[in-house]
Structure formats: C-alpha cells, structure tokens
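Q:
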Amino acid sequence: MSYASVYEAWKSDPEGWWMEQSKAIDWDRAPTKALDESAAPLYEWFPDAMVNTCWNAVDRHVEAGRGEQTAIIYDSPVTSTKREISYVELRNRVATLAGALRAKGVEKGDRVIIYMPMIPEALEAMLACARIGAVHSVVFGGFAANELAVRIDDATPKAIIAASCGIEPGRVVHYKPLLDGAIELATHKPEFCVVFQREQEVAELIPGRDYNWHGFQYGVEPADCLPVEGTHPAYILYTSGTTGQPKGVVRPTAGHLVALNWTMKNIYDVDPGDVFWAASDVGWVVGHSYICYAPLIHGNTTIVFEGKPVGTPDAGTFWRVMSEHKVKSFFTAPTALRAVKREDPTGEFVKKYDLSGLKNVYLAGERADPDTIEWAQAQLGVPVIDHWWQTETGYAIAANPVGLEPLPIKLGSPAVPMPGYDVQVLDDAGHAVAPNTLGAIAIKLPLPPGTLPGLWNAEARYRKSYLDTFPGYYETGDAGMIDEDGYLYIMARTDDVINVAGHRLSTGAMEEVLAGHADVAECAVIGVSDTLKGQLPMGFLCLNNGASKAPEDVVKECVARVREKIGPVAAFKLAVVVDRLPKTRSGKILRGTMVSIADGKDYKMPATIDDPAILGEITEALKTLGYPAA
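Under the UniProt record's numbering, the first residue of the sequence shown carries the number 1, and numbering increases by one thereafter.
#1: Whole angstroms is fine: what's the gap from Ala524's alpha carbon to Ile119's?
#2: Nearest CA to the CA of Trp10: which residue from Thr469, Asp530, Ala259?
#3: Does the beta-carbon of Glu522 have 16 or more other beta-carbons within 10 angstroms, so that it is buried, or is it exposed?
#4: Just verifying my parser: in three-state terms, what is the DSSP assignment at Pro627?
#5: Run through the stretch 243-293 for me and flag every whole beta strand (DSSP E) of 3 or more residues, listed as ranges in chain order.
#6: Go to Tyr115, then tell me how far its beta strand (DSSP E) extends in each direction, as first and last residue.
#7: What are the complete alpha helix (DSSP H) segments, minimum 4 residues, inside the stretch 468-534?
#8: Beta strand (DSSP E) containing Ile303: first to last residue?
#9: Following the continuous alpha helix (DSSP H) through Asn92, name the residue where it begins and the one where it ends.
#10: Count the other CB atoms, across all protein chains shown, that sit within 10 Å of the CB of Glu229; report buried if there are 16 or more and exposed otherwise.
#11: Could you give the DSSP three-state label for Thr187: helix, strand or coil?
#12: Where Ser86 and Ala613 are concerned, what is the direct C-alpha to C-alpha distance, given to the nearest angstrom?
#13: So which of Pro408, Met605, Leu178, Pro582 has the shortest CA-CA distance to Glu617?
#14: Cutting at 6 Å between CB atoms, please list the residues of its own chain near Met50, excluding the five before and the five after it.
#15: In angstroms with no decimal places, state the Cα-to-Cα distance between Ile291 and Thr332.
#16: For Ile132, which of Asp224, Lys328, Ala440, Lys623 has the nearest alpha-carbon?
#17: Sorted by chain position, which residues of the same chain lie with C-beta nearer than 6 Å to Pro252's C-beta, five sequence neighbours on each side aside?
#18: For Gly141 and Asp154, what's the separation of their Cα atoms in angstroms?
#19: Kindly indicate which three-state DSSP category Tyr362 falls into: helix, strand or coil?
#20: Quick check: the stretch 472-479 against the stretch 49-64, are there 3 or more CB pairs under 8 Å?
#21: Which partner residues does Thr239 have in the DSSP bridge list?
#22: Measure the CB-CB distance between Asp386 and Ser413 and report whether it falls below 9 Å.
#23: Got a sec? Which residues, its chain only, sit under 6 Å from Ala122 by beta carbon, not counting five neighbours each side?
#24: From Val310 to Tyr421, what does the alpha carbon distance come to, in whole angstroms?
#25: Compute the distance between the beta-carbons of Thr53 and Ala234, then report whether it is under 9 Å.
#26: Would DSSP call Asn400 helix, strand or coil?
#27: Determine the DSSP secondary structure at Gln379, reduced to helix, strand or coil.
#28: So, does the stretch 592-599 touch the stretch 329-343, judging by three or more C-beta pairs under 8 Å?
#29: Alpha carbon to alpha carbon, what distance is there between Ile297 and Met605?
#30: Quick check on Tyr200: buried or exposed, where buried means 16 or more other Cβ atoms within 10 Å of its Cβ?
#31: Would DSSP call Thr451 helix, strand or coil?
#32: From the DSSP output, in three-state form, read off Phe318 for me.
#33: Return helix, strand or coil for Glu63, following the three-state DSSP convention.
#34: Using DSSP with H/G/I as helix, E/B as strand and the rest coil, what is Pro417?
#35: Enumerate in chain order the residues of its own chain whose CB-to-CB distance from Glu15 is below 8 Å, with the five nearest sequence positions on each side excluded.
#36: Can you look up Tyr211 in the DSSP assignment and give me helix, strand or coil?
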C-alpha cells in the first residue's frame, strides 16, 4: 500500500485503523474500542484492554519457538566486553528479577527508579518492572545527586535499581555516591535499593537498605506476567522543563505496544529476526522506545552499545559494530554523525568495514542539517533519513515510511506526518498558514496511541504546557513550515525563532547555510539582544580536523554565505570559531543557555549538560565579540 492510501485510511476512520493495528499484539483481554473521549481534551486509548508489555516483548517470542534467537547484543568498547542474550535467557533473567522485586513488596502501580549505564541489566530492570505492573522511571546514569533527588520526590519510588558505576572514555563515573547523596537530599526515601556491582568498581552497600543484584535474586520464585489495564502507566520519563522542575511524561501501556510495533516495519523496514541498532542511551526516550521496547516487541535483535561515536577507540566504532553484528537499520543523532565527520571528514574509517548488510540510517534528536546527511549518504551509500519526534510522543510524528513506501528524500525535511498525526502550522492566533510559511507546529487532538496522556501528577501543568496555547491542538514547541508536497520542515524550537528588526527568522535556516561551508563540522546560531534591532543572530563554528582555511577566513566566508543565501535582512555579522558546543548528553545544543550568557542573564546549570566546562569556553568566545555588552 502507498503512504497516501494508508494515511487516508487512518484519517477516514482513526479508531478502526488503530483497532486493526492492535491485532498484532497479544492481549489478555482484547480492546473492544480504541478511543475514550469522555474526558477530552484528555484522551485515552484502548481503555478496556488487559495486556502485559513484558509478555509481548519477551515471552511470546519464546512461546512461538524463537527462544534461541538473540534478543540483545551487548557491545562495550569501553570495557572490551561483548555478549549475546537469547530471548529464552532474557525471559528467565527478567522473570527472576521481577520475582525478587515482588518478594520485596513491589506491586502493580509502585514506582521503581532505574539509574544505570548502557548494560543489558538496565533493559532487564525495565522489563522486570513491566512484568509485574510496576511503573519504572529511568534516570540517566551519572545524573547529579540533586537532579536525581528531584525525580525521587516526584515519582516517590518504592525501590531504586542502580549500578555501582558507569564507564566513560578514560574515567569511571561513581554512581553509588551520587545515589546516596540523592536519597539524603530527597524528602521521599525508597524502601530499598538494588545495586549491580560492576567489576570496575564495587560500591559500598548500606546494610538494611541496599542489596547486591545477584544476592537479591537468589532462590526467589520467578514472576509470571501480570496483565494490566490498557491505560496503566508503563513508565514515567522526565524531560527538562523550562521552570527547572522536570516534567514526568507518562507512557500508557496498550497504545505504546500497538504504536511501537507498527513503526518497526513501516518506518524502519525491519522484519522479526533482523538486527536493529539505536545508538542512544536508556536514559532518553530513544533508548526506551528503540533500544528496549520496540525491537523486542517486534521480535528483532537489539544492540546495547556502551561507547561513544568517537574515542572508543576511534571514529570507526559505529562502522565496526554495524559490520560485526550485521546491523540492517541504524538510528543515531545528527550530532553523533557530525562528531564522526569532524574526526574523519574523508571517510577513511568507513572503508575498513563491510557494511553491505546496512540498508538505512535514521536521524533524530536535533535538526539534521543537509550537509551532514549528504556526507553520510556519500560515505555509506544508503539512504540517510531524518525523522522528527519528541519525548512526549515516544515515536515519530513525521518520518519517511521506508517499509511502507520509500518517499523521495528532501534534504532538511523529516518528510511527512505518520498515521495518527494531523500536523498543522499555525500563526500566533491559531490559524493555519499558507504552504512554505514559518509558524508554530501543532498537532490536532487527539494525539495517537502511545503518546503522553498527561504528566505525572501534574494535570494543570500538562494543560498549560501543551494544550492551552492552541485549543484543540497539542503544541509541539517547534517552529517550521509545510511545503506544497506536504513535507514538514522543523526550523527551530519556537524560542529559537528570532526577531531581527521585525523580521521573524529561523536560526535553523542560518545553521544550514553555515554547515554548508566545507571547513565547518558543526555550528549553532542564537539570537542575542540588540538595542537597535531587537535581536541579532550570532554564529558559533566548530571546524573540521585539518580545516583548509584560517578561522578568521572561515568566519568572513560564513558571514558572506548567510548574506548571500538568506539576505541582508538577517543582519548576520557576529560569528566566532569554538572548539566545541555545549550539549546535553543526548546531543542537543544548549542554545538557550548560550543566549543567557550572551545577554548577561543569570542561568541555572542545565541538569543534562555533558560537560559544564564548555560554558566557560563559550563565555570566553563571547568576550571576543564584545558580549555580554557592558
């Protein structure tokens, strides 16, 4: 079937379409209806169903005779470890851990915080919670104690499952002192903690509260899968809030199963048994959806990779993993490919590996600039496909449905809305704008199955953050446009659309121009305050290794490029070369923090920042441009 016919089939009968997709899931009690609109604009999907996520992700494949298939490949260049876990082994390990949790009093609806690095045990902890109906909340391993404490107080977990440490290139990250500090700071205290001791660091356990992972599970009765209501929360995942108080995105069980299962074939073009790799972390939504849940629900082999795109040991590590494990479909962030491109601009490492099994590469998390996509397509010889989604949605809003019908790739666009999403571009008054006109991107309610029905214990905040600005719509917080072919373009966060002397301009469009310079590996554009024009754009440029021109010449050429391609209206004159950009651990550039530094405003150190020292480097670079202005 064509994309157009499938999208139209959904649009003409949304509930019937989703009921049809639900047949791919094993139900304890199948849904009799898809959508509950009784509390609109708070919608719920498959409310009368009973189902278990862990059964659908693990046990059913064993029951179907595929227990010996590899479920998880663990590849850890930072510890020189590789191992494979079959579906039957995964079932046994998860059932035992679930049984141990249940024996210690963890019941349906209880929250369990998981604070672990990229090891298979993190997935086992998630699945063990799902097995007994507990609600997990994964917090990125190594998160600061005060940030973990905030999440402990919000989720009020009965238990915390942690590892003793994480391994970064050249250093050990001590998790246990951070965990102890967080529990000390938090008002809510968990009843117990389970600690997976890694050989790189054995942590000291607190008697009566802490249990060793292995001893905790010794001699317990394995737990069976407990069916839960379709609307039961599968997990809470905290995303940064503008107030500094994190927002707990809730994921409903049934819709999550149905939607994720549909995406694996239709978007990522993999069949059961194929190897799928999302190079992310379980602390992020990509790790939840596409390292843990979707590949396993669909019967794929998923890769848990503990390493970095560069430096573990070199810029060829991605290609080594793909070649060794016969990866068919690969998902990463544009920032990861930019890091590889910067280290290896001519693709020498790519040539060392057999990538004949690789069919498609998918990008999400930041805007995928055309230059990076073109570089990757030239090196890898496969389609490099941008798609767009959010923590809140859990899977793609807009994508190129390769498994359904590969659509022409338009550089700079994540292609077209997926079934379930009626995407509109609105002006400030909430009216749809003409094609190719910049505006706020919103999605007509109801959102599809698997997307957030609300925030954890924060209905008022949910309404204010997402529903109140454009009644009848979900506000994405992104700005962009839709072209005459229905392709969506995400140009910036709404906050990053700058107003230069009355002209609304997209920082993303300027970044696209800057990234097109042969010596620029990565860049960011922010809007800084200006007394005359309101705002002025300012560019930060990271150069390729072995750049052919001096930094000052690159700056001059970049200023000229923006003037030529966007016009004098952009008033783009401020640019500086920096060694690196401040980012979150998932690769998002912290543009808002950079704006605060440039404008001389107080700011809170972002909880998710990868390396706080970079902000000092940005401050020094800003001084060379005369910012913040005295």
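Just so you know, even glycine gets a beta-carbon here, dropped at the ideal spot from N, CA and C.
A: Put simply:
#1: Between Ala524 and Ile119, the alpha-carbon positions lie close to 32 Å from each other.
#2: Comparing alpha carbon positions, the residue from Thr469, Asp530, Ala259 closest to Trp10 is Ala259.
#3: Only buried fits Glu522, as 16 or more other CB atoms lie within 10 angstroms of its CB.
#4: What sits at residue 627 in the sequence shown is Tyr, not Pro. Three-state result, Tyr627: coil.
#5: Counting whole runs of 3 or more residues, the stretch 243-293 contains the beta strand (DSSP E) stretches 247-252, 275-278.
#6: Here the beta strand (DSSP E) through Tyr115 covers 111-115.
#7: Every alpha helix (DSSP H) of 4 residues or more that sits fully in the stretch 468-534 is shown, in chain order, as 507-515.
#8: Unbroken beta strand (DSSP E) run through Ile303: 301-305.
#9: From DSSP, the alpha helix (DSSP H) with Asn92 extends over 87-103.
#10: Looking at its Cβ environment, which holds 16 or more other Cβ atoms inside 10 Å, Glu229 is buried.
#11: DSSP places Thr187 in coil when its eight states are reduced to three.
#12: Straight through space, the alpha carbons of Ala613 and Ser86 are spaced by roughly 42 Å.
#13: When only C-alpha atoms are compared, the closest one is Pro582.
#14: Within the same chain, Met50 has close Cβ partners Asp28, Arg29, Pro227.
#15: In this structure, the CA atom of Ile291 is about 11 Å from the CA atom of Thr332.
#16: Its Cα nearest to that of Ile132, the residue Asp224 stands out among Asp224, Lys328, Ala440, Lys623.
#17: Excluding residues within five positions, the ones whose Cβ falls inside 6 Å are Thr231, Pro453.
#18: If I take the Cα positions, the gap works out to 18 Å.
#19: Tyr362 carries a strand assignment under DSSP once its states are collapsed to helix, strand and coil.
#20: With a cut-off of 8 Å, the stretch 49-64 and the stretch 472-479 do not count as touching, because too few Cβ pairs lie within range.
#21: Answer by DSSP bridge pairing, in chain order: Lys247.
#22: In contact: Asp386 and Ser413 (Cβ atoms closer than 9 Å).
#23: Exclusion of the five residues before and after Ala122 leaves Met116, Val282 as the residues of its chain whose Cβ lies within less than 6 Å of its Cβ.
#24: When the Cα atoms are used, Val310 and Tyr421 turn out to be separated by approximately 36 Å.
#25: For the pair Thr53 and Ala234, the CB atoms are nearer than the 9 Å cut-off.
#26: Asn400: coil per DSSP, three-state reduction.
#27: DSSP, reduced to helix, strand and coil, places Gln379 within a helical segment of the structure shown.
#28: No, because fewer than three Cβ pairs between the stretch 592-599 and the stretch 329-343 fall closer than 8 Å, the two stretches do not touch.
#29: Met605 and Ile297: Cα-Cα distance of roughly 38 Å.
#30: First, the amino acid is wrong: residue 200 is Gln here, not Tyr. Residue burial annotation: Gln200 is exposed, with fewer than 16 other C-beta atoms found within 10 angstroms of its C-beta.
#31: Thr451 carries a coil assignment under DSSP once its states are collapsed to helix, strand and coil.
#32: DSSP places Phe318 in helix when its eight states are reduced to three.
#33: When DSSP states are grouped into helix, strand and coil, Glu63 belongs to the helix group.
#34: Pro417 sits in a strand when the DSSP states are folded into three classes.
#35: Within its own chain, the residues whose Cβ lies closer than 8 Å to the Cβ of Glu15, once the five positions on either side in sequence are excluded, are Lys33, Ala34, Leu35, listed in chain order.
#36: Collapsing the DSSP output to three states places Tyr211 in a strand.
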